[in-house]
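To start, the structure itself, in structure tokens.
Numbering (the numbering used here), first residue to last: 2 to 565.
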């Protein structure tokens, strides 16, 4: 099951909001009270028994008086509260619910030939109870009968359609009739039948063994004035009642999950919910088969930033791999999706009118991260260069100043360099100038995020970053390498290029060299263009003679020592 869209009117802070969800990973973000929890609350209203509506004998979770936007309560004309949710059901992955609707609700009276169909549910709650109603459409067909609508809602809410985890409570569970740690939820039909058969045989053996003791105890009880018959036995193994115990091993020692730190416990329980979702999806019983939506409040809780980044990547990978929709509500930039920025939903209270509810901020474009940085209180300059390293799948990284530096290092990985080649399989990341690494917050993140890392810096920029390097205790030629020669014009990676090739480029571009000496934007552009021409000449003419790489080989040797 996939939640495709949510549309609300006059529900809490969601006065007039429409949210479109990604089929796999989704990140709801924004400041406190921006509306994230209200979106989750609106979704769960339809999908769980814990958020019932239209049941006079239950305490409804939609209360017109309390859920109607407070800034509109003084208006004379009262509007209805409405919540509309659009779901997509797959005939295979959601076979239990799909077949229930097709064969029992419609009794095959309608034709449903599509592998995927849309289930649209719209609830309207008026100021008066009589004004409340619910509408349900499957495909292009309305479900008109009240009884059938109720049965469908009961089936949807009673199934394991949502697995919800609130990290602050650190106790995830199915919003359904079963707890998440029930032994019964881990067993298929064949496994249950096999265990039942073995259980009955074991109980029979135990009863025979207890018969002697039963006779002895009966003899003793026979001394009482009131006579009793006695039977000794064992409690039947009840799969619905038995819970599993979770432990983690470290260095061969088994420790109960309850005794681990909150961060480890939180991650483990979230991953357990994902495993449960996959198991429900793969159920051998067609009646039970459904793909639950996994909803997680603040998955970053109790985790260090580097661990948040790792966990964010894992959740996104599993959502795609398992074909399961995950919706997280987060305050962490590390839980945002870099691969699919459109999956990040930024909410804020109206900035133009204080008497307006939550709004979705436009975050389209290459600099999608800037509104998130502003909302989450992060410097855009820090978050910008961070965004690629946050979602890197590698455990090793080499940081180089620019894209041309990166190309030189990539050339060094060629097999033709034999024993001198750069033996590195991790990520080479261009950080875009010394200004982006002199901030030790960024460097500290990278140091803790990656198993092994080396940052290279041009000799002419080393003084700008030395303070940050010293603060973090980075060691030269191990965690940082200074690139270039201590000669005018060679205090950068181009200083490793043979003099004859540099002279050729300079002689062919005299005006560009002169302009590059200017301290202006034109000078900056000229220097960049000159770098490109040197690289092109080196790639075209320098690679034919491997001796042209001699200065680069020294750097490769140092890097190979770190990443061996």
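The beta-carbon is built from N, C-alpha and C at its ideal position, and this holds for glycine as well.
Endpoints, the alpha helix (DSSP H) within which residue i is located
i	result
residue 163	That residue, residue 163, is in no alpha helix (DSSP H); its beta strand (DSSP E) goes 163-167.
residue 533	522-538
residue 408	404-412
residue 517	511-517
residue 558	551-563
residue 472	463-473
residue 48	37-48
Assigned exposure category for residue i - 16 Cβ within 10 Å defines buried
i	result
residue 320	buried
residue 71	exposed
residue 93	exposed
residue 436	exposed
residue 25	buried
residue 148	exposed
residue 104	exposed
residue 500	exposed
residue 179	Legend: pLDDT at residue 179 = 39, less than 50; position of this residue unreliable, value from coordinates given subsequently. Answer is exposed; the Cβ neighbour count stays below 16.
residue 450	buried
residue 43	buried
residue 111	exposed
residue 58	Residue placement at residue 58 cannot be trusted, given a pLDDT of 30 that sits under 50; what the coordinates show is reported in the next sentence. Flag for residue 58 reads exposed.
residue 11	buried
Cutoff 7 Å; reference residue i; Cβ partners in own chain excluding five residues on either side
i	result
residue 534	506, 510
residue 79	128
residue 560	399, 423, 425, 455
residue 583	Only positions 2 to 565 of the chain appear in this structure, which leaves residue 583 out of reach.
residue 414	422, 423, 425
residue 429	399, 401, 407, 410, 411
residue 344	23, 26, 27, 28, 338
residue 133	55, 125, 126, 127
residue 312	268, 300, 304
residue 330	29, 37, 38, 41, 298, 299
residue 1	Any property of residue 1 remains undetermined from this structure, which presents the chain solely from 2 to 565.
residue 465	435, 439
residue 60	Residue confidence is low: residue 60 scores 30 on pLDDT, short of 50, so the model does not pin down where it sits. No coordinate-derived value is stated.
Endpoints, beta strand (DSSP E) assigned at residue i
i	result
residue 9	3-12
residue 345	345-350
residue 27	26-31
residue 91	82-91
Contacting residues, own chain, Cβ-Cβ under 6 Å from residue i (five flanking each side not counted)
i	result
residue 543	502, 549
residue 497	552, 553
residue 289	97
residue 16	70, 358
residue 211	233
residue 362	347, 349, 372
residue 19	8
residue 81	125, 127
residue 173	Because residue 173 carries a pLDDT of 41, less than 50, the predicted location of this residue cannot be relied on, and the following value inherits that uncertainty. 166, 181, 270, 274, listed in sequence order.
Residues sharing a beta bridge with residue i, DSSP
i	result
residue 458	483
residue 220	Paired residue(s): none; residue 220 is not in a bridge.
residue 377	Partner(s): none; residue 377 has no beta bridge.
residue 21	6
residue 96	According to DSSP, residue 96 bridges with nothing at all.
residue 109	BP columns for residue 109 are empty, so no partner.
residue 401	431
residue 477	481
residue 137	122
residue 212	The partner list for residue 212 (beta bridge, DSSP) is empty, contrary to what the question assumes.
residue 15	12
residue 142	139
residue 117	91
residue 150	Looking at the DSSP assignment, residue 150 forms no beta bridge with any residue, so it has no partner.
residue 63	In the DSSP output, where bridge partners are listed per residue, residue 63 has none listed.
residue 453	397
residue 360	349
Cβ shell of residue i (< 8 Å), same chain only, five flanking positions each side left out
i	result
residue 454	397, 398, 399, 400, 447, 448, 480
residue 323	275, 278, 279, 282
residue 369	342, 345
residue 1	Coverage of the chain is limited to positions 2 through 565, which leaves residue 1 absent and any answer about it impossible.
residue 88	2, 3, 4, 5, 119, 120, 121, 122
residue 156	98, 101
Residue-chain proximity (residue i, chain E), Cβ-Cβ < 9 Å
i	result
residue 410	Of the protein chains in the structure, only one exists, and it is not chain E.
Check: Quick one: complete alpha helix (DSSP H) runs, 4+ long, within the segment 282-358?
Finding: 306-323
Check: What are the uninterrupted segments assigned as beta strand (DSSP E) that are 3 or more residues long and contained completely in the segment 483-508, given in chain order?
Finding: none
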